[in-house]
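Heads up: the protein sequence lines correspond to chains A and B, in order. Numbering follows the numbering used here, in which position 95 of the first sequence is assigned residue number 95; successive positions increment by one, without gaps. Quick note, the numbering used here runs 1000 ahead of the 1-based positions in the second sequence. Glycine residues also receive a C-beta, built at the ideal position from the N, C-alpha and C atoms. A quick write-up on the structure given underneath.
There are 2 protein chains.
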Amino acid sequence: MIRPVTQLAGLKSMIDDIDRKICALLSADARQSMAQIGAQVGLSTSAVNDRLRRLSERGILRRMRADLDAAALGLPVTAFVWVALADAADEAGFRAAIAARPEVTACHHVTGPWSYLVQVRMGSLAAVEAFLGWLKAAGWIARSETMLALSTVVEPSFQLRE
Amino acid sequence: MIRPVTQLAGLKSMIDDIDRKICALLSADARQSMAQIGAQVGLSTSAVNDRLRRLSERGILRRMRADLDAAALGLPVTAFVWVALADAADEAGFRAAIAARPEVTACHHVTGPWSYLVQVRMGSLAAVEAFLGWLKAAGWIARSETMLALSTVVEPSFQLRE
DNA sequence: ATCAAAACCGGAAATATTCCGTGTCGCCCC
DNA sequence: GGGGCGACACGGAATATTTCCGGTTTTGAT
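And the structure:
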């Protein structure tokens, strides 16, 4: 049998096609019963239960989360903020402070001319402005640029933090 | 009682603090039982069930989704691609083509010098390169810039698409 | 070919969800 | 002031689902 590249390393994190399909099914709808999933992958309820337990134990299936309508919850604005850190900035402090803000939906250290890409979800443009003011006042950033999301073509699922 | 701004419009999309807390709880862990949620918000199981049904009907609670370890599934690379569309580009065609690609985890029309921000999750840098080649070959883009995610400070949950 | 570990299955027990019927509260309209 | 109505909440019964367990089959290594 020929194995996909990801399985060649001989690690214990082996995933077969059934696991992959189960993950895809639960990605689309985590409320399906194990019996329903079993019917779609050709396994019994208990076999699905076993696989889910193993996927969780291995950390592949992290958790189930609700996908919410951010706008209906009063958060209609998505903004992307490019950040170049100040030379003297305490980078660990910046990271901790960013992670502590629940309106930050994503933050990556990135290649290129900017240090970080910060994605936020907010109630208003005024809130975006306040966030930028906070970033600046704290002395972390040398410069930044902000882009607002207009329409959305592919929408990532939204969760509240904290 | 003083209501938040979002409730002043008199729309039927009224959310009270209990709904908000339920949403937050399910955002963190959608596998809690209704009894557990009820204990945390001070409601009976059936009241929680009612509220969940109403939140779903109103479209506020969209669905439950699994949060997966993308790296363990063979998708360790996150890239952000800024796209400026070609003048003659068929924008609707671009959107449809982007939406059809499962490796695209987010795509927004944005303000600023770029037209679109496309976020992709891939198995390798070669795959990123192939994606950029596809974008270019299709004739949609005038220019683009790609930034790779290095470390991650705040990680959005990951789902497989399709 | 053989053996041990891993994975699967069906059925029983434990939990969870859903579906009533009923009661209370607030609000609007007589 | 007094219905009447709709929205919510509750407890309990009826379903449905998950979890556990013992036994069998498959898989992989030697």
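- With contacts defined by Cβ atoms closer than 8 Å, residue 1014 of chain B and residue 111 of chain A do not form a contacting pair.
- In this structure, the straight-line span from the alpha carbon of residue 23 of chain A to that of residue 1117 of chain B is close to 27 Å.
- Residue burial annotation: residue 151 of chain A is exposed, with fewer than 16 other C-beta atoms found within 10 angstroms of its C-beta.
- Inclusion of residue 1048 of chain B and residue 1038 of chain B in the CB contact set at 8 Å is warranted, their separation being smaller than that value.
- Around the C-beta of residue 1044 of chain B, fewer than 16 other C-beta atoms lie within 10 Å, and the residue is accordingly described as exposed.
- Taken in chain order, the members of the stretch 21-34 of chain A whose beta-carbon sits within less than 8 Å of a beta-carbon on chain B are 23, 24, 26, 27, 28, 29, 30, 31.
- Going by beta carbons, residue 1078 of chain B and residue 1143 of chain B fall outside the 8 Å limit.
- Using a Cβ-Cβ cut-off of 8 Å, residue 1067 of chain B counts as an interface residue toward chain A, since at least one Cβ of chain A sits closer than that to its own.
- In terms of CA proximity to residue 145 of chain A, A:83 leads the group A:76, A:25, A:83, A:156.
- Apart from sequence neighbours up to five positions away, the residues of its chain that approach residue 90 of chain A with a beta-carbon distance below 8 Å are 140, ordered along the chain.
- In this structure, the alpha-carbon of residue 113 of chain A lies about 36 Å from that of residue 28 of chain A.
- The C-beta of residue 1119 of chain B has 16 or more other C-beta atoms within 10 Å across all chains shown, which makes the residue buried.
- Looking at the DSSP output, residue 1018 of chain B bridges to nothing.
- Secondary structure note for residue 1143 of chain B: its beta strand (DSSP E) is the uninterrupted segment 1141-1154.
- Judged by DSSP secondary structure, residue 1069 of chain B falls outside any alpha helix (DSSP H); it is assigned neither H nor E.
- Sequence-distant partners of residue 124 of chain A (beyond 5 residues in either direction) whose C-beta falls short of 7 Å from its own C-beta, in its chain, are 77.
- The criterion of a C-beta distance shorter than 8 Å is not satisfied by residue 128 of chain A and residue 1098 of chain B.
- Pairing residue 1069 of chain B with residue 1157 of chain B gives a Cβ-Cβ distance that is not under 8 Å.
- For residue 1054 of chain B, the nearest beta carbon of chain A is not closer than 8 Å to its own beta carbon.
- When secondary structure is reduced to three states using DSSP, residue 1080 of chain B falls in the strand class.
- If you look at residue 105 of chain A, you'll find it in the beta strand (DSSP E) that goes 104-110.
- The distance from the Cβ of residue 1035 of chain B to that of residue 30 of chain A is about 19 Å, inconsistent with a contact at the 8 Å cut-off.
- Beta bridge pairing from DSSP links residue 1064 of chain B with A:66.
- In its chain, beyond the 5 residues on either side, 117 have a beta carbon closer than 6 Å to the beta carbon of residue 108 of chain A.
- Between the alpha carbons of residue 1159 of chain B and residue 1065 of chain B lies a gap of roughly 7 Å.
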